[in-house]
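Asker: Residue numbers (the UniProt record's numbering): 1 to 502. All C-beta atoms in this analysis are idealised placements derived from N, C-alpha and C, irrespective of residue type, glycine included. Since the structure is predicted, the reported quantities are computational estimates derived from the model, not experimental observations. Sharing a structure with you now.
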Amino acid sequence: MTEPDPPALEVVGLRKSFGPVEVLRDVALSLQPGEIHGLLGVNGSGKSTLIKVLSGLHRPDGGTIRVLGVELTASASSGDREAMGLRFMHQDLGLCPSMTVAENLFVGRYPRGAGGWIDRRRMRRQAAEMLGSLGADHVDPDAPISALGPGQRALVGMARALGAPGAERPRVLVLDEPTTSLTMRETAQLLEAVRRAARAGVAVLFVSHDMEEVLALTDRVTILRDGRVATSRETAGLGVDELVRLVVGDSFRRAELGTSAAPGDAVLDVRALSGPSVHDLSFRVHAREVVGLTGLVGAGHEDVPYLLVGARPAATLDLSVSGVATTRSGPRWARAAGVAFLAADRLGDSAIPNATVRENATLGNLRRLRRWYGIDFGSESAESAAIVRRYEVVCPSDLAPLRNLSGGNQQKVLLGRIEESRGSLVVVHAPTQGVDVGSRQRILRALRDLAEAGAGVLVVSNDYEELEALCDRVLVMRRGRLVQSLEGADKTHHEILVAAAS
1 MTEPDPPALE VVGLRKSFGP VEVLRDVALS LQPGEIHGLL GVNGSGKSTL
51 IKVLSGLHRP DGGTIRVLGV ELTASASSGD REAMGLRFMH QDLGLCPSMT
101 VAENLFVGRY PRGAGGWIDR RRMRRQAAEM LGSLGADHVD PDAPISALGP
151 GQRALVGMAR ALGAPGAERP RVLVLDEPTT SLTMRETAQL LEAVRRAARA
201 GVAVLFVSHD MEEVLALTDR VTILRDGRVA TSRETAGLGV DELVRLVVGD
251 SFRRAELGTS AAPGDAVLDV RALSGPSVHD LSFRVHAREV VGLTGLVGAG
301 HEDVPYLLVG ARPAATLDLS VSGVATTRSG PRWARAAGVA FLAADRLGDS
351 AIPNATVREN ATLGNLRRLR RWYGIDFGSE SAESAAIVRR YEVVCPSDLA
401 PLRNLSGGNQ QKVLLGRIEE SRGSLVVVHA PTQGVDVGSR QRILRALRDL
451 AEAGAGVLVV SNDYEELEAL CDRVLVMRRG RLVQSLEGAD KTHHEILVAA
501 AS
């Protein structure tokens, strides 16, 4: 009798602890060749730790990992894992900004010519072929990574994981939130590349918080909860609501966010704002009001928050915040005027990744904690602890580096800091990007609470359903201009899409 082929990836009884905290508890997982397998769970469920164990960044405390029946030892190097057929696309991509696209694609395995010199002509040609296979012909192999947008960088990371034409394809491809920063077009290109890889026999482990994306792409899903496998099942026949309940468990309850009963005076008055992708934009945000700003990708709305706070130069600018007017914004002016800003790239633009949770929770509010002898560390600790408790931040200690927390917990720390800043205007871009469904509801509730406490809140997002649930009004942009303001019964995700696309 013929033995069945071994799974492409098999994980049995995997355990991992950090001090007294068990992060992975007897995790079992199996992927067959050609299968696209979703890995889901709320932030802090153990997904990231599992991927880091698979990639060798963390050593497991127990359990077995096999690739096509061959055991992967805990001491195996990244080169050993790649030789066995394991390839990874991590959230942070691991690209070197100062190197070119081609150099990043071939780092550690540059094509060599006579005399051992790097054959740059062949490297550029093969890099162009790798990018072309993803529909990313517009990405220049000679461009430095620092010149690329987030979506283009993600496509480079995917091309590197798939490997050069003619080279041995991966046996197992692990993708950690690969579409978070992509446009709809780039997402479609990447997901089609995933399907092609699966058709060629590659087993794909796909981590995502986008439930619709998971249902459309995967064959099976495994859901982690508190470091354990809660369930593993086929995705066929599952709906979004059922999948959300499987991920969150009994704690799932849709947020009833409501709307403001009586907005106050205008805290933001924008008049004739123009920039590279924004033309003659005027609007207001009132106290105790949440206003959404959206559009299709490239409509210009995603540049607006950075123009408002002076992070990007505006061609023309005339705005006032709580009566303080300016025609030339900047971070210092915005801070003094009472603006609290949270960027889409939370770690890159709104935090210090290697600083502790406590330091990030109080950063920007230190003037209030200053005494004649310096910073009152007791008050700093108390304020940080209050944020961790109030926002239900999952972390071993507020002295842990912020970057070690999951995306949702990072965002909750930064929102707690915004609340403590007591600004009159809160501007957030993509507040739930890369965040699990449980943390998402807590973050949206926090934004609504800020408005109910008296702030004006401007939310820039591409998630129409989220804007429908959260906002009092939704402003829709198209080709750099404001085309519609939706509120009341007209403020549905369907009407938002129609306004953005028509």
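Please report the straight-line C-alpha distance between R225 and A188, rounded to a whole angstrom.
Answerer: 29 Å
Asker: For the alpha helix (DSSP H) containing I51, list its first residue and its last residue.
Answerer: 47-55
Asker: Would you report the Cα separation of D241 and C471, rounded to the nearest angstrom?
Answerer: 22 Å
Asker: Quick one: complete alpha helix (DSSP H) runs, 4+ long, within the stretch 441-480?
Answerer: 464-470
Asker: If you draw a straight line from the C-alpha of G79 to the C-alpha of V70, how long is it?
Answerer: 16 Å
Asker: Ordered along the chain, which non-local residues of its own chain (more than five positions away) have a Cβ less than 6 Å from that of M1?
Answerer: Residue placement at M1 is poorly supported in this model, since its pLDDT is 49, which falls under 50; the coordinates still yield a value, given next. Closer than 6 Å at the Cβ level, and outside the excluded window around M1, lies no residue.
Asker: When the Cα of V202 is compared with those of F283, V27, I36, which residue comes out closest?
Answerer: That would be I36, whose Cα lies nearest to the Cα of V202.
Asker: Can you tell me where the beta strand (DSSP E) with M89 in it begins and where it stops?
Answerer: 86-89
Asker: Under 8 Å by Cβ, that's how I've got L131 and A159 pegged, so tell me the actual separation to the nearest angstrom.
Answerer: 6 Å
Asker: If you follow the beta strand (DSSP E) that L319 is in, where does it begin and where does it stop?
Answerer: 316-321
Asker: Check G157 in the structure and name its three-state DSSP category.
Answerer: helix
Asker: Alpha helix (DSSP H) containing K16: first to last residue?
Answerer: K16 -> not in any alpha helix (DSSP H); beta strand (DSSP E) instead, spanning 9-18.
Asker: For K16 and V107, what's the separation of their Cα atoms in angstroms?
Answerer: 31 Å
Asker: Return the CA-CA distance between S251 and V244, expressed in angstroms with no decimal places.
Answerer: Note that S251 has pLDDT 48, beneath the 50 cutoff, so the model's placement of it is unreliable and the number below is only indicative. The alpha-carbon atoms of S251 and V244 are separated by roughly 11 Å.
Asker: Which residues in the same chain have their Cβ closer than 7 Å to the Cβ of A74, if we skip the five residues on either side of it in sequence?
Answerer: R59, P60
Asker: Could you pull out every residue in the same chain whose Cβ sits closer than 8 Å to the Cβ of V42, ignoring the five residues on either side in sequence?
Answerer: R225, V247, V248, G408, D436, V437, G438, S439
Asker: In angstroms, rounded to a whole number, what distance separates the CA positions of A355 and V23?
Answerer: Here the C-alpha atom of A355 lies approximately 22 Å from the C-alpha atom of V23.
Asker: Along the chain, which unbroken stretches of the beta strand (DSSP E) at least 3 residues long are found entirely within the stretch 403-435?
Answerer: Listed in chain order, they are 425-429.
Asker: Which residue from G94, D140, F88, E82 puts its Cα closest to that of residue 521?
Answerer: Summary: the structure shown does not reach residue 521, with the chain confined to residues 1 through 502, and so no result is reported for it.
Asker: Does DSSP classify S75 as helix, strand or coil?
Answerer: coil
Asker: Determine, using beta-carbon pairs with one atom in the stretch 420-427 and one in the stretch 453-465, whether at least three such pairs fall under 8 Å.
Answerer: yes
Asker: Rounded to a whole number of angstroms, what is the C-alpha to C-alpha distance between L497 and T179?
Answerer: 20 Å
Asker: Between I418 and P431, which are expected to be in contact by the criterion C-beta below 8 Å, what is the C-beta distance as a whole number of angstroms?
Answerer: Actually they do not touch by this definition, with Cβ atoms about 10 Å apart.
Asker: Whole angstroms are fine: how far does the CA of V474 sit from the CA of residue 521?
Answerer: This structure does not reach residue 521, given that the chain is present from 1 up to 502, and the question cannot be answered.
Asker: Measuring only the C-alpha atoms, how far is R253 from D137?
Answerer: Below a pLDDT of 50, predicted positions are generally treated as unreliable, and R253, at 46, falls in that range; the measurement from the model is reported next regardless. Straight-line Cα distance between these residues: approximately 44 Å.
Asker: In its own chain, which residues sit with a C-beta less than 8 Å from the C-beta of H493, not counting the 5 before and 5 after it?
Answerer: If you ignore the 5 residues before and after H493, its C-beta comes within less than 8 Å of the C-beta of Y464, E465, L467, E468, all in its own chain and listed in chain order.
Asker: Cβ atoms of G63 and G13: under 8 Å apart, would you say?
Answerer: yes
Asker: Please give the ranges of any alpha helix (DSSP H) in the stretch 322-349, keeping only runs that are unbroken, at least 4 residues long and fully inside the region.
Answerer: Within the stretch 322-349, the complete alpha helix (DSSP H) runs of at least 4 residues fall at 331-337, 346-349.
Asker: Can you tell me whether E129 is helix, strand or coil according to DSSP?
Answerer: helix
Asker: By DSSP's criteria, L205 is part of a beta bridge. Which residues make up the other side?
Answerer: Bridge partners of L205: H37, V174.
Asker: Any idea what DSSP makes of D398, helix, strand or coil?
Answerer: Under the three-state reduction of DSSP, D398 is assigned to coil, being neither helix nor strand.
Asker: Tell me, which residues are paired with G113 by DSSP?
Answerer: DSSP, once it has assigned bridges, lists no residue as partnering G113.
Asker: DSSP three-state label for R368, please.
Answerer: helix
Asker: Assign F377 to buried or exposed, taking buried as 16 or more other Cβ atoms, counted over all protein chains shown, within 10 Å of its Cβ.
Answerer: exposed
Asker: Among P97, E192, L173, A154, which has the Cα closest to the Cα of F146?
Answerer: The residue you asked about is not Phe; residue 146 is Ser in the sequence shown. When each option's Cα is compared against that of S146, the closest is P97.
Asker: Determine the DSSP secondary structure at M1, reduced to helix, strand or coil.
Answerer: Its pLDDT being 49, under 50, M1 is placed unreliably in this model, and the value from its coordinates should be taken loosely. It is coil, neither helix nor strand.
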